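Presented below is the structure to which this report refers.
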Amino acid sequence: MRFRSVRTVLVWALVAAATPAAAATAPAGPRPDCPRLSGNWYGDNRARLQRLIDTRGTCSRPPAGPGSAPWARNAPVAAFDWDNTVTKNDVTDATLAWILRHDRILRPARWKDTSAWLTDDADRALTTGCGTATPVGAPLPTSKGTRCADEILRIRETGRTMSGAPAFVGRWNHRRTVPQYAWVPQLLAGHTLAEVTSYARRARAEALAAPVGATRTVGTHTLPAYVRYYAQQRDLIRTLRRAGFEVYIVSAGSEPVTEVWSRGVGVDARHTIAIRSVLDRRGRMTTRNEGCGGVPATRGEVIPYIDGKRCWVNQEIYGVHGTAAWRRQDPRHRVALAAGDADTDVTFVGDATGAHLVLNRNKGELMCRAYDDADGRWLINPMFLGPLPRRPEPYPCATSAYNAADGGGKPVLRDDGSVVPDQNDSVH
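Numbering (this note's numbering), first residue to last: 288 to 715.
See the structure below:
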């Protein structure tokens, strides 16, 4: 069990007592029929999550009346990243692999039309690899065209072509987007949401049926063939909902794909937030996605990524629009619990007022904040399936772990401006 100082324990207790929801709690303790968490968690994480459920949920307060939004009816909110937080392995990647194996990418007139930042090198690599024999708008034979599938997968994975040339160049805010994440729904331009949903369903069925640890070859790439829901996260979401929490998914994947998977934990489309493609007049996806925080629809400039996740939480859950959506809100307009596994989640997970749940995948900025535990509310858990070994060297929190908007690395700072010291990896 991870050692916690007396200061941290006292901070946790004081914060719980000081929150508006806890302060208004009259009962001495939760009712015996209150929903309870089960399953194996690291250290005291399950007990601490249960305490949050007991103090913020309906067990410690009378059910609120209906309202137009969670904050309007005082309903507590929990928000989860999806890939590698609720599931083991990435469901967007699993769907893309299925799409490539079944020839569902429609040939664009120009590959550079798929992204505002795609380089000439990437355009040439894709044109050469995928060929020009297929008519524009027709399905590319990626199941047999190894070079085409390879270029698409390598660009998605690394942002580089098979030859190692940069696939994206230009200026973008690195705390609001990453081009290869935005590129996946852009590759699906020309399809309807119903079509993409059907592809995701078939990919999901295959991934759940594949044995744990199974791989498959797409092009010449070896990819995970399986995805699993984490039983502990599924139970946590179920328990939160039974306790009166509104549970949302906030993902940097394609929204129709994420919606297929989120239904498996009882979260509907209205509570699933991901990259939302703009549709054309025929109802087909385009290379543009909806905007947030006063930024209009663009070709990928703003997606639910790092600070973009905060923006979408504020806008879609709490009704905060314009530039204010980029800022941390008051406690009444913030989630009680947030969970994530990567730097893309660090901002919205840090905004939670009750608990910041982190699955340790050795991601620098997120783990710096989690191990620093400045407010005593960070819960670190190894991955429930195939946990990573201990990171041998400390996280470079004091120098370069923060993902700066210009793409560089900077020191991670606390809210008071002090620098987070380098942190050792101890939960694995």
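In this text, a Cβ means the ideal position worked out from N, Cα and C, and glycines have one as well. Keep in mind the model is a prediction, meaning the values are calculated, not measured.
- Hey, out of 690, 592, 384 and 328, whose CA is closest to residue 491's CA? Looking at the Cα atoms, 384 is the closest of the given residues.
- Query: Are the beta-carbon atoms belonging to residue 439 and residue 413 less than 9 Å from one another?
  - Reply: Yes, they are a contact pair.
- Item | Within 9 Å, strictly: CB atoms of residue 426 and residue 390 | A contact, by the Cβ cut-off of 9 Å.
- Which runs of the alpha helix (DSSP H) fall wholly inside the segment 394-472 and span at least 4 residues, in chain order? The qualifying runs are 407-417 and 433-445.
- Test item: CB-CB of residue 365 and residue 624 under 9 Å: In this structure, residue 624 lies closer than 9 Å to residue 365 by Cβ.
- Rounded to the nearest angstrom, how far is the Cβ of residue 372 from that of residue 626, given a contact under 8 Å? Confirmed, about 5 Å.
- Query: Per DSSP, residue 367 forms a beta bridge with which residues?
  - Reply: The bridge partners DSSP lists for residue 367 are 536 and 626.
- Task: Taking all protein chains shown into account, decide if residue 596 is buried (16 or more other Cβ within 10 angstroms of its Cβ) or exposed.
- Result: By the 10 Å Cβ count, residue 596 comes out buried.
- Message: For residue 565 and residue 573, which I take to be in contact (beta-carbon distance under 8 Å), what is that distance rounded to the nearest angstrom?
- Response: Between residue 573 and residue 565 the Cβ distance is about 5 Å, and since that is below 8 Å, they are a contact.
- Item | Buried/exposed call for residue 499, threshold 16 Cβ in 10 Å | Residue 499 is exposed by the Cβ-count criterion.
- Message: Nearest by alpha-carbon distance to residue 416: which of 699, 403, 449 and 399 is it?
- Response: Taking only the C-alpha atoms, the option nearest residue 416 is 449.
- Message: Can you check which of these residues, 589, 563, 338 and 524, is closest to residue 550 by C-alpha distance?
- Response: Residue 550 has its Cα closest to that of 524, out of 589, 563, 338 and 524.
- Query: If you run the structure through DSSP and keep just helix, strand and coil, what is residue 647?
  - Reply: In the displayed model, residue 647 falls within a strand according to three-state DSSP.
- State buried or exposed for residue 458, treating a residue as buried only when at least 16 other CB atoms are found within 10 Å of its CB. The residue is exposed, with fewer than 16 neighbouring Cβ atoms inside 10 Å.
- Message: Taking the straight line between their C-alpha atoms, what separation do you get for residue 711 and residue 478?
- Response: Inter-residue distance for residue 711 and residue 478 is about 46 Å (C-alpha atoms, whole angstroms).
- What are the boundary residues of the beta strand (DSSP E) that includes residue 504? Boundaries of the beta strand (DSSP E) around residue 504: 502-505.
- Message: Let me check one thing: in DSSP terms, what residues is residue 508 bridge-paired to?
- Response: Here residue 508 is bridged, per DSSP, to 505.
- Message: According to DSSP, simplified to helix, strand and coil, what is residue 690?
- Response: Note: residue 690 maps to strand in three-state DSSP.
- In DSSP terms, what residue 697 is bridged to: Its beta-bridge partners are 689.
- Determine the extent of the beta strand (DSSP E) in which residue 566 is found, giving its start and end residues. Note, residue 566: beta strand (DSSP E), 564-566.
- For residue 504 versus residue 511, is the C-beta spacing smaller than 9 Å? No, these two residues do not count as a Cβ contact at 9 Å.
- Task: Report yes if the C-beta distance between residue 535 and residue 604 is below 9 Å; otherwise report no.
- Result: Going by C-beta atoms, residue 535 is nearer than 9 Å to residue 604.
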